[in-house]
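Everything below concerns the one structure shown next.
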Amino acid sequence: MMDAICFTIPGKPQGKARARTFYNPKTKGMSSVTPEKTVLYENLIATCYMEKAGNERFPDDSYLLVRIQAFYEPPKSVSKKKRAEMLGGKILPAKKPDIDNVVKAVLDALNGVAYRDDTQVIELHVRKSYSEKPRVEVCIGKI
Numbered sequence: 014m015m016d017a018i019c020f021t022i023p024g025k026p027q028g029k030a031r032a033r034t035f036y037n038p039k040t041k042g043m044s045s046v047t048p049e050k051t052v053l054y055e056n057l058i059a060t061c062y063m064e065k066a067g068n069e070r071f072p073d074d075s076y077l078l079v080r081i082q083a084f085y086e087p088p089k090s091v092s093k094k095k096r097a098e099m100l101g102g103k104i105l106p107a108k109k110p111d112i113d114n115v116v117k118a119v120l121d122a123l124n125g126v127a128y129r130d131d132t133q134v135i136e137l138h139v140r141k142s143y144s145e146k147p148r149v150e151v152c153i154g155k156i
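For our numbering, add 13 to where a residue sits in the sequence shown, where the first one is 1.
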């Protein structure tokens with residue numbers, strides 16, 4: 014039985030972009046399209062999970078705790094002193110993407126992959142930090 018599964022999504026943290034809704038004259042109705050960048054990022058998240066967990070999925074009746082830590086690279090233009098403060102945790106990344114959009118991308122990407130649905134997630138711990146190596150670290154565990 015699984016305890017917790019932790020994995021890393023390499024690269025700059027990305028948020029879930031809003032779907033674009035438009036009138037489709039062929040169907041004579043409204044259609045929505047998820048931006049390609051979001052689809053690609055969600056596929057990367059699912060792949061990173063599967064590389065770590067294989068086809069294992071948390072049971073449908075599980076209550077889940079998810080920890081997400083998004084690491085942003087400090088801007089190249091900052092002074093050495095400010096960079097050291099960023100990497101030391103004195104200055105935190107109050108910048109885009111918004112933390113809730115990062116969470117949405119991760120949780121939605123894992124629907125049907127790590128768990129049946131993200132409604133099973135009943136506790137969430139999220140933090141943004143600076144690091145030389147941009148990435149998102151995710152841990153999922155049963156409560």
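Heads up, the beta-carbon is just placed ideally off N, CA and C, and yes, glycines get one too.
Pick out whichever of K65, N37, V115 and T34 has its Cα sitting closest to the Cα of T21. Distance check between T21 and each of K65, N37, V115 and T34 places K65 closest, using alpha-carbon atoms only.
Exposed unless 16 or more other CB atoms sit within 10 angstroms - verdict on A17:
Exposed, since its Cβ has fewer than 16 Cβ neighbours within 10 Å.
DSSP three-state label for N37, please.
strand
Indicate whether the contact test is met: 3 or more Cβ pairs, each with one atom in the region 139–149 and one in the region 83–102, closer than 8 Å.
-> yes
What are the boundary residues of the beta strand (DSSP E) that I153 is part of?
From DSSP, the beta strand (DSSP E) with I153 extends over R148 to K155.
*heavy atom of the ligand ADP below 7 Å from V116 C-beta*: Among the components of this structure there are no ligands whatsoever, and the ligand ADP is therefore not found.
* Below 8 Å, can you find three or more Cβ-Cβ pairs linking the region 114–123 to the region 51–60? -> yes
Legend entry - Spatial neighbours of S45 in its chain, beta-carbon cut-off 6 Å, leaving aside the 5 residues before and after: A32 and T34
- Hey, R129 and P23: beta-carbon distance below 8 Å or not? With respect to P23, R129 sits apart: the two C-beta atoms are not nearer than 8 Å.
Notebook entry, point to check: Which whole-angstrom value describes the C-beta separation of V126 and I81, a residue pair presumed to lie in contact below a C-beta threshold of 8 Å?
Noted result: About 15 Å separates the Cβ atoms of V126 and I81, ruling out a contact at the 8 Å cut-off.
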